[in-house]
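The structure under discussion appears below in the form of structure tokens.
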Amino acid sequence: MRRRREVSPAGLPPSPGADQRAPGLLALQRAAGNTAVASLLGVPTRTEVEPPVDVPVRVPDSGVPGEVVRVAEEQRLAVGESAERAGERVDQAVRAHQDRLSATVSTQEATAAAALGSLRANVSAQSSAQAAAAQAASAGTRATVRARAGTGVTSAHARIDAMGEESRAAGQREAERAVRETPAASAVRPPAAAGDPDIAAGQDRIGQAVADKAGGELARSGGEAAGQVRAGVAAAQSSLYGPAKESAASQVRDAADQTDRALVEGTATAVSALRATGSRTVESAVRGHQRFMVALRAGRQTAVGDLAAWGAESRGRLRDTAARLGAGLVEHARSLAGLVAGRVRPVEDPVGVVRAAGDQVSQGIDDAAGGLVEGAGQLATGHQAAVGGVGEQAAGAFGRVGEAAGAALRQGTAAFVGHAGQTRDAVTAELDRVPAVAGDALDARHRSTVDGHAGAVDRSVEAQRGWVADARSRGAQGAVSFAGEAERLTGQARSQPVQRWLAEIVGRMRNWLREKCGDVLGGILSGLILSIPTIIIGVGLLLAGPVGWTVLAGLLVVGVGLGIYGRWQEYKADHGGNGPGFLAGLGLVGLGIADLTGIPYIVEAAVGRRAFAPTGMSDFERWERGTQGVVNLALLVAGGAKKLFAERPPVEPVRAPVDPHTIPIPGESNNARFEAARQIILDTPPADRAAATRVLFPRLTELSGNTWNFRANPSADGGIHFTGEGAPFIFAIDNAGNAFQGKIGPGTLTIHPGAPTTVNYTTLRPLTPAPPPPPIPASTPATAPIPPVAPRLPAPPSEREPEPSH
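Going by my numbering, the sequence shown opens with residue 5, and the numbers climb by one from there.
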């Protein structure tokens, strides 16, 4: 073998075992370049191996030289096999490390997944628990508000009921006072101050009539005042206290409902926020877990790749080193075989030396494989350290996230519960103030109502006293004052423009019919109403029996005059107040005459325009005018037929005698019974009418419960008369049995003190046909008559008594 020279790195001496290592091991060590190999073989030294001796001798294939070469080849193959075994050993170690790394990664993944699952369950449980706590707080607050609302309504109703009871008791006291403090009837009766006995007697009768009437009026006034107070109490209950209770209850219910809705909405919002917090926490943790899994798997992939690369590099280097060292072994063996064959140098046991060298190279390769396995272990250990605690770190992070989420959920719930408590306190405080607020708001009106009961009675008593004084004064004034007042009213009535009044009434009637009934029906009804006078006259003529030509001629003249006048007025209305010219005037006269037939009205209604009118008629006016024309034409035809075919005079029907003592007097009211009694009197034969009146009127007094004074007073001519209670009204029967009715005016009655009253029938409307002239009184009183005066004073202006219809 050639001499070799060893040099350690950086000029250091060789390691203690360096001289014992063969050149192949040193080369293998340098080829491995691994600290693990250095730890096994020592610090690698740089060995300069001299090349084999170039022996120019042919090595024989037999003998010792041939055996040396053959053994060298066998050792070269053994070295290669050692390299393959070493590579497989390294691969097994790499696979084992890869499996352990995969197991570690799986363990970390499971740890992280378990931590994530625990976080999910924890956050879900905490969010559910906090949501339930918020809902429970909301339900408790709502129940408290509802209970306090019920208490508030009850308290408010109790206070308002107490005020209503106070008003009722005050009203009852004032109603009793109204009756108790009503003036007596005797206070109304004026004294008879006249010196003349007859006049004093008349004044006494007037005073008695005034006192009698005043007694009923005052009693009625006191009763009405009491009734008004009681009605005011009832009205206050229905219009003040009842609505106040309902208003208080409504306010409480509205406040409670508003609070309930706010709590329900707030609870829903809070629960949604709590669940959203939990959901966001879990979603954030899931994203973190996903990032962790990606990083962990990437680390595993990197570690597996690094180990695989280490194994592949180790196998390649082992093979390269084994091939190089095996080739060098064969080359040196050939040199040794040449030395042996040429006998240049004696060599002891060359075959053993070759075998030893080959075994040493194989052993070095095995040792290098051990270093490579340890290097793979170091590489795996580094990666193992990198991924080993990741799962625990993730679990810790998830735990901290869960704690933070729980704190946030608890804080949110506490905030909601605190807000709900503040709302409860504020609302219940407001509800507790409702009874006082309702009472204070009602107090002014309540005081006014209670005081109003007393005020109404005070005003009634004061009005009664004023009425008593006025009635006493009126009674003292006597008939002269009443006559003068009647004359003044009569003059005032005569001075009023009757025509304008009638025109306004007709215009309002037409407008009302047009608005309520339309153009067609309204026009027809208006035409019928405007034709009522014509219809009454026509029907009266038809029912009155044969009518002479003189009467008909007179009616025709009146009708023609009215027709011409109406045409003239229509023309002026259509032309701005200007009258017609000569020709137009002739035309109007002709139309006024022809209007008796109704034909011009019918033609104008069909055409839609009045004669000489600049504008057309409305639908309402057309139907109105056409109806008037049809009525006139129908009456003209009916009247002509009656005149041509006159019937025999009607026979007076035979009436069975009636007993005024037993005949029923129908009717529900005093007016209705008066009408019925009057008709019974008119149906009685004229000779018996006065006697029947004397019987029937006392019966009317009994039926009315003495509320109406149906006294029948004797007349100077032997007849009988009745004067109304509420107005100057008179119904009279003369001594011949003729019936009259009307209003008391100047000259209607002449009062004779101590003698029957004289009735002037010419001032009244006859109810029976053709009454004879009133008879001359049998005797004339010795004293001058008192001017006409009503047998009673009129009621106060604010009061109106019932008046018999006529």
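Ideal Cβ positions, reconstructed from N, Cα and C, are used throughout, including at glycine.
Quick one: using the 10 Å Cβ neighbour count with 16 as the cut-off for buried, is I528 buried or exposed? Within the sequence shown, numbered from 1, the residue matching residue 528 stands at position 524. Label assigned to I528: buried.
Return the chain-ordered list of same chain residues with a C-beta closer than 7 Å to the C-beta of T148, the five sequence neighbours on each side being excluded. As a working mapping, residue 148 is identified with position 144 in the sequence shown. If we look at T148 and ignore the five residues flanking it on each side, its Cβ neighbours are R428 and T432.
L753 - partner residues in DSSP beta bridges: Within the sequence shown, numbered from 1, the residue matching residue 753 stands at position 749. Answer by DSSP bridge pairing, in chain order: V763.
Please classify Q232 as buried or exposed, where buried requires at least 16 other C-beta atoms within 10 Å of its C-beta. As a first step, residue 232 is located in the sequence shown; it is residue number 228 there, counting from the start. Buried: at least 16 other Cβ atoms inside 10 Å.
Residue burial classification, R301 (beta-carbon count within 10 angstroms, cutoff 16): Walking along the sequence shown from the start, residue 301 turns up at place 297. Result: exposed.
Own chain partners of V394 with C-beta closer than 6 Å, once the 5 adjacent residues on each side are dropped: For this step, residue 394 is matched to residue 390 along the sequence shown. Excluding sequence neighbours, V394 sits near Q112 and L300.
Measuring straight from C-alpha to C-alpha, what distance separates A442 and D455? By one-based count along the sequence shown, residue 442 stands at place 438. By one-based count along the sequence shown, residue 455 stands at place 451. Each residue's alpha carbon lies about 20 Å from the other.
Tell me the rounded alpha-carbon separation between F402 and T273. Counted from its first residue, the sequence shown places residue 402 at position 398. Counted from its first residue, the sequence shown places residue 273 at position 269. About 27 Å.
The beta strand (DSSP E) spanning I164 covers which residue range? Against the sequence shown, residue 164 aligns to sequence position 160. Here I164 belongs to no beta strand (DSSP E); instead the alpha helix (DSSP H) covers G67 to R184.
Just the C-alpha distance for T285 and Q102, rounded to the nearest angstrom, thanks. The residue given as residue 285 occupies position 281 in the sequence shown. The residue given as residue 102 occupies position 98 in the sequence shown. The straight-line gap from Cα to Cα measures roughly 35 Å.
With distances taken between CB atoms, is the gap from T186 to Q468 smaller than 8 Å? Taking the first residue of the sequence shown as position 1, residue 186 is located at position 182. Taking the first residue of the sequence shown as position 1, residue 468 is located at position 464. Contact flag set, yes.
Going by DSSP, what residues sit across from G746 in a beta bridge? Looking up residue 746 in the sequence shown gives position 742. I734, per the DSSP bridge assignment.
Please report the Cβ distance between G330 and V73, rounded to the nearest whole angstrom; I am assuming they are in contact, meaning their Cβ atoms lie under 8 Å. On the sequence shown, residue 330 is found 326 positions in, with the first residue counted as 1. On the sequence shown, residue 73 is found 69 positions in, with the first residue counted as 1. Between V73 and G330 the Cβ distance is about 13 Å, and since that is not below 8 Å, they are no contact.
Per DSSP, what are the beta-bridge partners of S719 in this structure? Looking up residue 719 in the sequence shown gives position 715. For S719, which the question treats as bridged, DSSP gives the partners T761.
For A260, which residues of its own chain have a beta-carbon under 7 Å away from its beta-carbon, when the five flanking residues on both sides are left out? Numbered from its first residue, the sequence shown carries residue 260 at position 256. So the qualifying residues of the chain are V149, R150 and A153.
Relative to the C-alpha of V109, which residue among R304, A239 and S131 is closest? Position 105 of the sequence shown holds residue 109. Nearest option by C-alpha distance: R304.
CA-to-CA distance, A97 to Q388, given in whole angstroms: Residue numbering aside, residue 388 sits at position 384 when the sequence shown is read from its first letter. Residue numbering aside, residue 97 sits at position 93 when the sequence shown is read from its first letter. Going from the Cα of Q388 to the Cα of A97 covers about 15 Å.
Can you give the Cα-Cα distance for E335 and D370, rounded to whole angstroms? Counting from one through the sequence shown, the residue named residue 335 turns up at place 331. Counting from one through the sequence shown, the residue named residue 370 turns up at place 366. Answer to the nearest angstrom: the Cα atoms are 22 Å apart.
Determine, using beta carbons only, whether G219 and V438 come nearer to each other than 8 Å. Position 215 of the sequence shown, counted from the start, is the residue given in the question as residue 219. Position 434 of the sequence shown, counted from the start, is the residue given in the question as residue 438. No, these two residues do not count as a Cβ contact at 8 Å.
Compare the Cα-Cα distances from A445 to each of L343, M167, V68 and C521 and report the closest residue. Counting from 1 along the sequence shown, the entry for residue 445 is found at position 441. Closest option to A445, Cα to Cα, is M167.
Taking only three categories from DSSP, how would you classify H457? Taking the sequence shown and counting its residues from 1, one reaches residue 457 at position 453. The answer is helix: DSSP assigns H457 an H, G or I state.
Three-state secondary structure assigned by DSSP to R769: The sequence position of residue 769 within the sequence shown is 765, counting from 1. Residue state, collapsed to three classes: strand.
Decide if K249 is buried, meaning its Cβ has at least 16 other Cβ atoms within 10 Å, or exposed. Taking the sequence shown and counting its residues from 1, the one referred to as residue 249 is at position 245. Result: buried.
Please list, in chain order, all residues of the same chain as R514 whose beta carbon is under 7 Å from its beta carbon, the five residues on each side excluded. Position 510 of the sequence shown, counted from the start, is the residue given in the question as residue 514. Here the set comprises S530.
6 Å Cβ shell around A87 - same chain, five flanking residues per side excluded: Position 83 of the sequence shown, counting from 1, holds the residue named residue 87. Result list for A87: L322, R323, A326 and I369, in chain order.
Under 8 Å between C-beta atoms of L376 and V127: For the purposes of this step, residue 376 is identified with residue 372 of the sequence shown, where counting begins at 1. For the purposes of this step, residue 127 is identified with residue 123 of the sequence shown, where counting begins at 1. No, they are not a contact pair.
Which ranges does the beta strand (DSSP E) cover as unbroken runs of at least 3 residues, wholly within the segment 287-347, from first to last along the chain? none
Less than 7 Å between C-beta atoms, sequence neighbours within five positions excluded: which residues of the same chain meet that for R279? Your numbering for residue 279 matches position 275 in the sequence shown. Cβ within range, chain order: S131 and A135.
CB contact flag (L340, P354, <8 Å): Position 336 of the sequence shown holds residue 340. Position 350 of the sequence shown holds residue 354. Yes; because the gap between Cβ atoms is below 8 Å, this pair is in contact.
Cβ contact check for the segment 618-631 and the segment 665-685: 3 or more pairs under 8 Å: no
What residue range is occupied by the uninterrupted beta strand (DSSP E) comprising T727? Position 723 of the sequence shown holds residue 727. Taken as a continuous stretch (DSSP letters only), the beta strand (DSSP E) holding T727 covers I724 to T727.
Taking G346 as the reference, which of G67, A743 and T754 has the closest Cα? Reading the sequence shown from its first residue, position 342 is the one you call residue 346. Cα-wise, what sits closest to G346 is G67.
With DSSP as the reference, label V607 as helix, strand or coil. Residue mapping note: residue 607 aligns to position 603 of the sequence shown, counting from 1. Note: V607 maps to helix in three-state DSSP.
Drop a sphere of 10 angstroms on the beta-carbon of P604, count the other beta-carbons inside from all chains shown, and report buried for 16 or more, exposed for fewer. Position 600 of the sequence shown holds residue 604. P604 is buried by the Cβ-count criterion.
C-beta contact flag for A588 and F616 at 8 Å: Stepping through the sequence shown from its first residue, residue 588 is reached at position 584. Stepping through the sequence shown from its first residue, residue 616 is reached at position 612. Taking 8 Å as the Cβ cut-off, A588 and F616 qualify as a contacting pair.
Output the distance between the C-alpha atoms of L413 and D264, rounded to the nearest integer angstrom. Taking the first residue of the sequence shown as position 1, residue 413 is located at position 409. Taking the first residue of the sequence shown as position 1, residue 264 is located at position 260. One C-alpha to the other measures close to 24 Å.
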